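*Asks:* Once you know that position 104 of the sequence shown is 548 in the numbering used here, the rest is easy, because the numbers rise by one and skip nothing. C-beta atoms are modelled at their ideal positions from N, C-alpha and C, and glycine is treated no differently. Because the structure is a prediction, the values reported are computed rather than measured.
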Amino acid sequence: MPADPYKYFRIEARELLEGLNRGVLDLERGIHDGELVARLLRLAHTLKGAARVVKQPAIADAAHTVEEALAPHRGAPGPVPHGWAEEVLGYLDTIETRLTALDRPVEERPPVVASASEEAFTTVRV
Numbered sequence: 445m446p447a448d449p450y451k452y453f454r455i456e457a458r459e460l461l462e463g464l465n466r467g468v469l470d471l472e473r474g475i476h477d478g479e480l481v482a483r484l485l486r487l488a489h490t491l492k493g494a495a496r497v498v499k500q501p502a503i504a505d506a507a508h509t510v511e512e513a514l515a516p517h518r519g520a521p522g523p524v525p526h527g528w529a530e531e532v533l534g535y536l537d538t539i540e541t542r543l544t545a546l547d548r549p550v551e552e553r554p555p556v557v558a559s560a561s562e563e564a565f566t567t568v569r570v
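1. Between which two residues does the alpha helix (DSSP H) holding I539 run?
2. Please classify A495 as buried or exposed, where buried requires at least 16 other C-beta atoms within 10 Å of its C-beta.
3. Short of 8 angstroms in beta carbon distance, which residues of its chain neighbour L543, apart from the five on each side in sequence? Order them along the chain.
4. Could you check what DSSP says for V510 in three-state terms: helix, strand or coil?
5. To the nearest angstrom, report how far apart H526 and G467 are at their CA atoms.
6. Over the uninterrupted alpha helix (DSSP H) stretch that includes Y452, give me the two end residues.
7. Looking at A488: is its Cβ nearer than 9 angstroms to the Cβ of E472?
8. Would you mind reading off the limits of the alpha helix (DSSP H) that contains K499?
9. Closest by CA to H508, which one among T490, V524 and G519?
10. Going by Cα to Cα distance, which pick from R548, W528 and V481 is closest to R518?
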């Protein structure tokens, strides 16, 4: 049986996702301590980096989108706009779906598609 290259990634990613989901729901409810968005940005950034390490560009791209959605709210007092949380939670659901796919045996996993930037590095000729 081959080693599971995603064993530790899945554990870490699920912990990060749990924190992101909880934080986004807190933002939606107006529970805000001034540092919440900064913490969420760190979680999303960590998830993005971990996904890139294990060559999961779809997860990395979704985490980057979450970062982009959070960035305008860093240091901003008050609640997030109506509908914002649903959009971000949708990206987090996409990440969860991709993580769940990594739980399946290798033969059943969807193929990994490299992002354009990763693909460019593999096709450069010297």
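*Replies:* On the basis of the coordinates in this document:
1. Translated into the one-based positions of the sequence shown, residue 539 becomes position 95. Its alpha helix (DSSP H) spans residues W528 to D547.
2. The sequence position of residue 495 within the sequence shown is 51, counting from 1. When all chains shown are included, A495 counts as buried.
3. The residue given as residue 543 occupies position 99 in the sequence shown. Correct list, in chain order: R454, A457, R458, L461 and I503.
4. Mapped onto the sequence shown, residue 510 falls at position 66. It is helical.
5. Your numbering for residue 526 matches position 82 in the sequence shown. Your numbering for residue 467 matches position 23 in the sequence shown. Going from the Cα of H526 to the Cα of G467 covers about 16 angstroms.
6. Translated into the one-based positions of the sequence shown, residue 452 becomes position 8. It spans K451 to R473 - the alpha helix (DSSP H) in which Y452 sits, taken as one unbroken run.
7. As a working mapping, residue 488 is identified with position 44 in the sequence shown. As a working mapping, residue 472 is identified with position 28 in the sequence shown. Not in contact: A488 and E472 (Cβ atoms no closer than 9 angstroms).
8. If you number the sequence shown from 1, residue 499 lands on position 55. It is not in any alpha helix (DSSP H) - K499 carries neither H nor E in the DSSP assignment.
9. To locate residue 508, count along the sequence shown from 1; it is residue 64. The candidate whose alpha carbon is nearest that of H508 is T490.
10. Walking along the sequence shown from the start, residue 518 turns up at place 74. Nearest of R548, W528 and V481 to R518, Cα basis: V481.
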